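Notes to accompany the following structure.
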Amino acid sequence: MLFVDIFSCGALMLCCARLCAALQVSHGQQLIDDPAVTEHTHPSASTVSHHAPHSAPCFVDDIFAALREGVGSDGELTNRSLAQFGICTESDSSSVLLQLANETNKNQGNGLKVLHPGGGIRGVKDETGTLVLTFDLSLSPLLKVNPVLLLAFESPLTGRNLDITFTSQSLHPSTQSVCISGETQYIALTGKATQGNVQQTWMISVETKTPDMNQILKDILIGGKPGSNTIVTPLLLFSVERGSDTRHTHASSHTSFFCELKRFLGDVLPQDHSASPPLQLDSLQSLPPLMLDLSSSETLLAGLINSSSPTIFSFTGCFSMFQTHDGELALSPALLEEVKRRLEQTVVQLMEVIMEEEVGHRAAERLGRLRDLSAFPKTEPAAGGSQYRAFLLLKALQTVAGAYEVQRGLRATRAGPNNPARGNLCGLRSLTVSLEKRVVGPNTANINNCHGSCAFPMVNTNNHAVLLSFHIESENADERAPCCVPVAYDALEVVDLNEHGTYLSIKPDMVAKECGCR
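The sequence shown lines up with residues -22 to -1, 1 to 496 when you count with mature numbering (1 follows the signal peptide of the UniProt record, and there is no 0).
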């Protein structure tokens, strides 16, 4: 089996100082940046320093997904995967990456052990002007296995093309080439196993084939450019044999479920690329939160299943809490059967939508994986964790299905012979807003809005608006004319996951579903 050692989010903090990269690997230990050490090693180095935020949600699980999805139908790494991991053609790293990808596929993501180096990454230029990265590795049994050193960026390096050479006696082979393009999000280097129980320091020289690109190289690896948004996090990946130490295993089924859900929702729902600031969910009025756990009432759960309100999945604090988050539900046999029936029905419906709408090419595979992660055992009663995941998956898929139904309805209305939009009459229009980054998904919400004229004959009006319109037409222009506004709303349901459990909060009057002249 493959296991993943995932440490606290604090271990993913990255800080750069004095252009020297020091990487401390230990079980959750945070590296203390000691300027004296840097000064002693490189007394003439100039300093560039910045602090990076915590890693993005599903940071590690996204890496496993990239590995799992990187193998094509021919059993080889796809060109997209090679570019994503900075692999040059015929590179030695490609065979190692393919091995990791195959093991990840074979073992359903439970195949790699990961060490998160704590502290930060720093780099220094030596006397020849070459950028040198230095990684201090504390003792670990894992280091007796050939590791893969992965430099992971927060987002792909759009618009940058570089051919880079990494050289070190700690690498195997000692010189390795990396080809960075606009699709590159990870740099993979193959390391050499540790001999003996001694602390090691890896010193890796980094050069470009084009000297005038050295500043760009430094900006990419250590963020030396003021205001740079480049954030790189180092990891060590190990392939381990079955029966290895399981004390630090990969995150639970809940973690894999929520991360796969996040990727799926990103595939199938529209993304907001506008410059408008994201909506802060905490700023909205909300009904008192309800806990979703073994004590949840049958009435509450049944009501949620029958609700037409869209659902947003949010998290509070460090996302690593998913590793220990053990959500459970206790559905009655009748309600459990209803969840199964509706889930199967909605999955079939969305498979058809995925084919018709030509959404993300991975969407069908991810939906299948979500179904597997939420599957009920065939011969045994469904455990509370399985019920929990199936219930939340149903809510998520109902949200996706509802979004596509609204889109189709709006398209049909625009194409219809009595389309109000053709006469600029009052009617419902789609409006998508961006949600704050801590949302697992969807990261947008279609809240709709009402646009159009309220000239006579008015749409969905009332007596007050009719009399007001006649009054204004009688040359009483001092009054406000009837306006096209929402007259009916759906709520927004927010499933909030934090260290205390899973909570449901309902934000009333969030999504406009009907328009009228008022």
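C-beta: ideal position from N, C-alpha, C; glycine also.
Every value quoted in this text rests on a predicted model; they were computed, and no experiment measured them.
The C-beta distance from Asp141 to Lys187 rounds to 5 angstroms, short enough to meet the 8 angstroms contact threshold.
Secondary structure of His339 (DSSP, three-state): coil. The beta carbon of Ile65 sits closer than 6 angstroms to the beta carbons of Ser71 and Ser72 from its chain, once the five residues preceding and following it are set aside; these are given in chain order. Around Gly380, the same chain offers Ser286 and Pro288 as residues with beta carbons nearer than 8 angstroms, after the five sequence neighbours per side are excluded.
Taking a C-beta distance under 9 angstroms as the contact criterion, Ser234 and Ser183 do not qualify as a contact pair.
Judged by DSSP in its simplified three-state form, Asn476 adopts strand.
In this chain, the alpha helix (DSSP H) harbouring Arg46 covers Phe37 to Arg46. A direct Cα-Cα distance of roughly 5 angstroms separates Leu482 from Val473.
Short of 8 angstroms from the beta carbon of Gln258, and not among the five residues preceding or following it, lie these beta carbons of its own chain, in chain order: Glu414.
About 6 angstroms separates the beta carbons of Gly160 and Pro134, which is inside the 8 angstroms limit, making them a contact pair. Contact annotation: the segment 234 to 245 touches the segment 349 to 356, with at least three C-beta pairs closer than 8 angstroms. Cβ contact annotation for Gly169 (same chain, cutoff 8 angstroms, sequence separation greater than five): Asn124, Pro125, Val126, Leu127, Ser148, Leu149, His150, Trp180 and Leu214, in chain order. Assignment of beta-bridge partners to His429 by DSSP yields Gly405.
Of the other Cβ atoms in all chains shown, 16 or more fall within 10 Å of the Cβ of Cys462; this residue is therefore buried. Asn421 is positioned such that its CB atom lies no closer than 9 angstroms to that of Val384. A residue is called buried once 16 or more other Cβ atoms fall within 10 Å of its Cβ, and Glu81 is buried on that count. Per DSSP, Gln163 lies in no alpha helix (DSSP H) segment and is marked neither H nor E. DSSP, read as helix, strand or coil, puts Thr324 in helix. For Ser155, there is no enclosing alpha helix (DSSP H); the residue is found in the beta strand (DSSP E) stretching over Thr153 to Ile158. Each residue's CA atom was taken as its position, placing Gln365 and Ala308 some 7 angstroms apart.
For Lys491, the number of other beta carbons within 10 angstroms of its own is below 16, and it is reported as exposed.
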